[in-house]
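S.K.: Numbering (our numbering), first residue to last: 1105 to 1313.
Pasting a structure below so you can have a look.
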């Protein structure tokens, strides 16, 4: 799916721009696979990997608006804002994600943000979790039903790369700018990510080669 490939592109840009986080992710992946094997249970237990992906979706998501709907009838909000029938209404996802009152130091990329929240709040803070403060997969009864598959796919690919390759940006430490089209943000198509194969025994020993 296009949304998965675009999100993964941004995830790899951040992994390559912040290579210092790779070792932490690698340790978690290898220890988890050793305990649980290459299973869904194992992927679910990779909470730092999960947090990394979710934080990238927050700071550099592929949409700045979500929950797009068309008003079926006139509507007046409690503050007096009038929405006439036929108007398209979109939740300001990008603005929510950049709001310090919602996410402290919102403009900062902190890969373990949701890992910490998950430890405080329990299992409800994962890539697939939706809320009024995290709308990348929608929310409520119409939340994306494919988000569980998308999460497994992204984490599987990311785990394989983290364990088997060293990654960095061609322009070290630089996140390439995305292109804004409406409320969509298309990842840069010209940036280069450099990959170097790690020692073969590192991946062979944990079944991730």
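Just so it is clear, CB atoms sit at the ideal spot from N, CA and C, and this is done for glycine as well.
When the Cα atoms are used, what is the spatial distance from residue 1219 to residue 1119?
M.R.: Near 17 Å, if we compare the C-alpha coordinates of residue 1119 and residue 1219.
S.K.: Rounded to whole angstroms, what is the Cα-Cα separation between residue 1192 and residue 1180?
M.R.: One C-alpha to the other measures close to 14 Å.
S.K.: For residue 1193, does the three-state DSSP call read helix, strand or coil?
M.R.: It is a strand residue.
S.K.: Mapping the DSSP letters down to three states, classify residue 1113 as helix, strand or coil.
M.R.: In this structure, residue 1113 counts as helix in the three-state DSSP scheme.
S.K.: Give me, in chain order, the residues of the same chain whose beta-carbon lies closer than 8 Å to that of residue 1315; leave out the 5 immediate sequence neighbours on both sides.
M.R.: With the chain covering 1105 to 1313 only, the question about residue 1315 has no answer from this structure.
S.K.: Need the endpoints of the beta strand (DSSP E) that residue 1166 sits in, please.
M.R.: Careful: residue 1166 lies outside any beta strand (DSSP E) and carries neither H nor E.
S.K.: Measure the Cβ-Cβ separation of residue 1202 and residue 1210 and say whether it is below 7 Å.
M.R.: Yes. Within cutoff.
S.K.: Report the rounded CA-to-CA distance for residue 1200 versus residue 1251, giving the unit in angstroms.
M.R.: The straight-line gap from Cα to Cα measures roughly 20 Å.
S.K.: For residue 1379, count neighbouring C-beta atoms within 10 Å of its own C-beta (all shown protein chains included) and say buried if the count is 16 or more, exposed if not.
M.R.: Coverage of the chain is limited to positions 1105 through 1313, which leaves residue 1379 absent and any answer about it impossible.
S.K.: Provide the residue(s) that pair with residue 1273 in DSSP beta bridges, ordered along the chain.
M.R.: Residue 1273 is bridged to 1297.
S.K.: Does DSSP put residue 1232 in a helix, a strand or coil?
M.R.: Coil.
S.K.: Check the C-beta distance from residue 1253 over to residue 1247 and give it rounded, since I have them as a contact under 8 Å.
M.R.: The Cβ separation is near 13 Å, so there is no contact.
S.K.: Determine the DSSP secondary structure at residue 1125, reduced to helix, strand or coil.
M.R.: Residue 1125 falls in the helix class under three-state DSSP.
S.K.: Considering only the alpha carbon of each residue, which of 1171, 1134, 1213, 1147 lies closest to residue 1161?
M.R.: Out of 1171, 1134, 1213, 1147, 1213 has the C-alpha closest to the C-alpha of residue 1161.
S.K.: Using 10 angstroms around the beta-carbon of residue 1279, count the other beta-carbons present and answer buried if the total reaches 16, otherwise exposed.
M.R.: The residue in question, residue 1279, is buried, as its Cβ has 16 or more Cβ neighbours within 10 Å.
S.K.: DSSP three-state call for residue 1145: helix, strand or coil?
M.R.: Residue 1145: helix per DSSP, three-state reduction.
S.K.: Between residue 1096 and the rest of its own chain, which residues show a CB-CB distance below 6 Å, the 5 nearest in sequence each way excluded?
M.R.: Only positions 1105 to 1313 of the chain appear in the structure, and residue 1096 is not among them; the question remains open.
S.K.: In the structure shown, what three-state DSSP assignment does residue 1207 receive?
M.R.: Reduced to three states, the DSSP call for residue 1207 is coil.
S.K.: Excluding five sequence neighbours on each side, which residues of the same chain lie with their C-beta closer than 7 Å to the C-beta of residue 1269?
M.R.: So the qualifying residues of the chain are 1299, 1300, 1301, 1302.
S.K.: Quick check on this structure: which residue in 1237, 1184, 1224 has the alpha carbon closest to the alpha carbon of residue 1205?
M.R.: Checking every option, the nearest Cα to that of residue 1205 belongs to 1237.
S.K.: How is residue 1136 classed by DSSP in three states: helix, strand or coil?
M.R.: Helix, per DSSP.
S.K.: I need the straight-line Cα distance from residue 1208 to residue 1264, nearest angstrom please.
M.R.: Each residue's alpha carbon lies about 31 Å from the other.
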